[in-house]
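Take 0 as the starting number for the sequence shown in numbering that gives the first Met the number 0 and just add one per residue. Heads up, the beta-carbon is just placed ideally off N, CA and C, and yes, glycines get one too. If you're wondering where the values come from, they're calculated on a predicted model, not measured in any experiment.
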Amino acid sequence: MTVLRDYAAATSQPTLGDPDGPGRFDEVVGPDGSLRPAWKGLAELAVSLTPGDMYRADSDIARFLADDGVTYARPGDRQGPWRLDPVPLVIDARTWAPLEKGLAQRAELFNALLVDLYGDQRLLAEGVVPPAVVLGHGGFTRAVARRSLGEQPIDPRPLVFSATDLARDAAGEWRVIGDRAQAPSGLGYAMENRRVISRVVPELYRQAGLHRMEPYFWALRSALIQSANGDLADPRVVVLSPGTHSETAYDQAFVASTLGFPLVQGSDLLIRDGWVYLRQGRGRMERVDVILRRVDAAWSDPLELRGESQLGVAGLVEAVRRGRVRVVNGLGSGVLENPGLAPYLPLHVRPIDGPSAELERLPTAKVIERILDEPHRYVGQERLPFSQVPTWRSGAARPRPVTLRTFALRYGGSYRPLVGGLANVYDDGGFRSSASKDVWVLKADPADADQGLAEVMSMTAARAVAVTVPRVLEDLFWVGRYAERAEDMLRLLIVTHTISEDFRTSPGSVGGASLAVLLGTIGRLAGRQFDDLDAEFRSLLTDADRVGSVAHSIENLRTALTDVRDQLSADTWRAFGVVERAHEALAANPHSHQVADTAGRILTGVLSLQGVFASMMRDDGWHMIGAGRSLERSLQLVHLLRSSTTVRRGIDVDRTVLNAVLESAESSVTHRRRYRGYVRPAGVLELLVVDPDNPRSLAFSLAEVRDHVAALPASTGSTRPERLVENLLAEVEDQSVAELVAIGGVNRPNLESFLDDTLDRLARLGESVEDLHLRSGPPPRSFGALAIVDSLPAEPATGTIPAITEPLADDAPGTREGA
């Protein structure tokens, strides 16, 4: 038997009966046990899929998603891996056609509804919609409603992009279970699902003859550019994000990167004379014309809306009122997500704001009491037995409930739904999304244009000016620093582990004494937590809360890269896929040798980032990565030398330690070629401190810092960072190695003094770079409550199964631990 034959046999009834309600419509198997029309064209390949094929596909999907760095976080949870099921949701053209028309009509209706609710409000005045339902909903934004009778609404086209969540009932009819107009998410995830599935089951994908999604992104880009107020030749469009702690941060960055628009946060924007500007550092600004908003309206302006917000832009509402910026979707569009606007149906009671889970846990008497206290805040909805799809679990395709998120875009004067969408399957309880699915809408004719878009409306041909805001430069500066910090600790750990394998049980030997020196070096950088060396090494590789550890540096590196994901190649995230698989191997193997193997794999992943950075444009961001990396390399090298070369420990111990230092500094081959294997302090210091041609030397690294800093826009040739690095480099180049290695008792006092002074000056150099090039002003402060809000409410659930939650994030600003 094959996977789909087994599934068809298990679901041979017309519908699967539920003990407490009607059965479910199956998306693959018909009432007679045969495949549905959408699957019949794929039958030859689909039916032949074996459990082995599915295991392979599931494993490949997890690997591809990890390599692409695709993450998602449920409200209140940390970012975790995005889940994608191997079996797509397939819809034939005949089924899709009426659905597409209905979605377009629904978007037209909602746009007209927004225009009225924020304009003349005839629907409220004439009693078509109860005022309490609208005015009592958190999505209604009074600040942008009409200010006098007859005044035109602020935005004549407030709804540009929307999403609608659908499900099929027991009869196979599509039903709307919720709408997303505030800041619809999921389009990036849908595209990522398609990219992965097309690689995992390429034969099935090619045979399907489905609509590609790329033209829809072109249309979205065109629609956003043409949304600008006035007749602008080259409008500036940005994507406003809550930041990396948002549940759907990946989705936001994917959309921004694909569209070619900057991904910004509220702190990157400011209002000047009623206009919105994008900060560029050192007082330079560029006007913004269109904002694709992924921050909820209530949090978009701390001046007129929620005063405690640090996610928005003070004064944004006034800029919108003046017509000086176009916000997509318009502020206040979240009122469309109000289930109270839907026709009254057989009742499933839920609040018009927030999820229904809390209400469902209350006793009936308490629910009635709440409804009677505030009747306008509750609505009844029909419970639907959502249709089911085969989902790969535990070696078999098992039926699971499914919903479909669809998207509609105002393009060319009308609304065009995406031909496809994002499907979500749910666990047995039906209340928690367990995976997503790619959605395949088959073409009626292979010659049909993808997405029905034979060509996309012309966009601007003008070349956009590249903009790197100070926040992005800061992230890239720390990308360089954390990448180098992780690499240097990995090299030191590998060398130390090699010596420990031979000498951990003989502390009195030359090797044991050398091991103690190297462990002391690690302790200087990351402390010491375990007496057992294997536990200590594993902690350094996996404990992200341990400042100075490899895991801590990589976690902070990932955070910094996530913050600028829209500006990076997709290859960037393959490094973290390598790291995650190395951690899995370490967890699965308790033997000591696995430590070195895992460290080597992680080092390979970290080094692969060098190739990504080498392919970047030589802009301000690239120079900031280079400055951070070279500065950190200088710091790590000086710490290494300070703890290993300033004390005499005997010829044999010194020789072992110096060889380990050369290995850690990736200079042992050069040293052997130059000094023919004769290791002495003077030769090591000459190579690692003053040699201008060794990329690992202090002199070379400082020269790199100098060159990168000099290339930054704020540099003039005499700024404080430039003076500090020039003076330090000159002193390093003038150092006498003979004086540095001079003995004073058992120590080398000149070397100690030089290294301590260098550490202090490197710290001041780093601070001066941040002060001049990275800080554009004081951090944002709340206009309202004194305490920072810990978290924001998630998108309310809809129906009996919650849809994808929308992007909201912790308000607390990020920090740089261990910097």
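The shortest CA-to-CA distance from Ala218 to any of Trp173, Gly259, Arg193, Val200 is the one to Gly259.
Here Ala232 carries a coil assignment [DSSP, helix/strand/coil]. Taking C-beta atoms as the reference points, Glu725 and Arg484 fail to come closer than 7 Å.
Listed as beta-bridge partners of Leu556 by DSSP are no residues whatsoever. In the three-state scheme derived from DSSP, where H, G and I count as helix and E and B as strand, Ile196 is classed as helix. By the criterion of a C-beta distance shorter than 8 Å, Leu754 is surrounded in its chain by Val637, Leu640, Arg641, Thr645, once the five residues flanking it on both sides are discounted. Its chain contains Gln264, Ser266, Asp267 as the residues whose beta carbon lies nearer than 7 Å to that of Arg470, once the 5 sequence neighbours on both sides are disregarded; these appear in chain order. For Arg527, same chain residues with a beta-carbon under 8 Å away, outside a window of 5 residues either side, are Leu518, Ile521, Glu535 in chain order. Under a 10 Å Cβ-count criterion, Met616 is classified as exposed, with fewer than 16 other Cβ atoms of the shown protein chains found around its own Cβ. Residue environment: Leu371 is assigned as exposed (fewer than 16 neighbouring CB atoms within 10 Å of its CB, all protein chains considered).
About 5 Å separates the Cβ atoms of Leu335 and Phe109, confirming a contact at the 8 Å cut-off.
The Cβ atoms of Arg325 and Ser226 lie closer than 7 Å to each other. Of all alpha-carbon atoms in Val683, Val736, Arg648, the one lying nearest the alpha-carbon of Asn746 is that of Arg648. Spanning the alpha carbons of Asp651 and Val509 requires a straight line of approximately 7 Å. Non-local C-beta neighbours of Tyr54 in its own chain, meaning closer than 8 Å and more than five positions away in sequence, comprise Gly394, ordered along the chain. About 6 Å separates the beta carbon of Val236 from that of Ile224, a gap short enough to meet the 8 Å contact definition.
Beta-bridge partners assigned by DSSP to Met284: Arg278.
Restricting attention to Leu585, His772, Ser432, the CA atom closest to the CA of Arg537 is found in Leu585. Residue environment: Val327 is assigned as buried (16 or more neighbouring CB atoms within 10 Å of its CB, all protein chains considered). Contact check for Gly208 against Leu441 passes: the beta carbons are separated by less than 7 Å. For Ile290, the enclosing beta strand (DSSP E) stretches over residues 289-292. Beta-bridge partners assigned by DSSP to Asn423: Thr402, Ser435.
About 5 Å separates the beta carbon of Ser607 from that of Ala574, a gap short enough to meet the 8 Å contact definition. The bridge partners DSSP lists for Asn726 come to none. Beta-bridge annotation (DSSP): Phe160 is paired with Leu408. Cβ neighbours of Leu773 within its own chain (closer than 6 Å, five residues either side excluded): Pro469, Leu472, Glu473.
Within the segment 17-87, the complete alpha helix (DSSP H) segments at least 4 residues long are 36-39, 42-45, 50-66, listed from N- to C-terminus. Under a 10 Å Cβ-count criterion, Pro691 is classified as exposed, with fewer than 16 other Cβ atoms of the shown protein chains found around its own Cβ. For Tyr117, the closest of Tyr188, Ser499, Val143 by C-alpha to C-alpha distance is Val143.
Using a C-beta cut-off of 8 Å, the segment 162-170 makes contact with the segment 397-412, since at least three inter-stretch Cβ pairs fall below that distance. Taking a C-beta distance under 7 Å as the contact criterion, Glu732 and Ala698 qualify as a contact pair. Secondary structure note for Ile742: it is in no alpha helix (DSSP H), with a DSSP letter that is neither H nor E.
Excluding its 5 nearest sequence neighbours in each direction, His670 has C-beta neighbours in its own chain below 6 Å: Leu661, Leu686, listed in chain order.
C-alpha of Gln104 to C-alpha of Ile60: approximately 36 Å in a straight line.
Pro183 sits away from Trp439, with the two beta carbons spaced by 7 Å or more. The shortest CA-to-CA distance from Gly29 to any of Gly507, Pro97, Tyr6 is the one to Tyr6.
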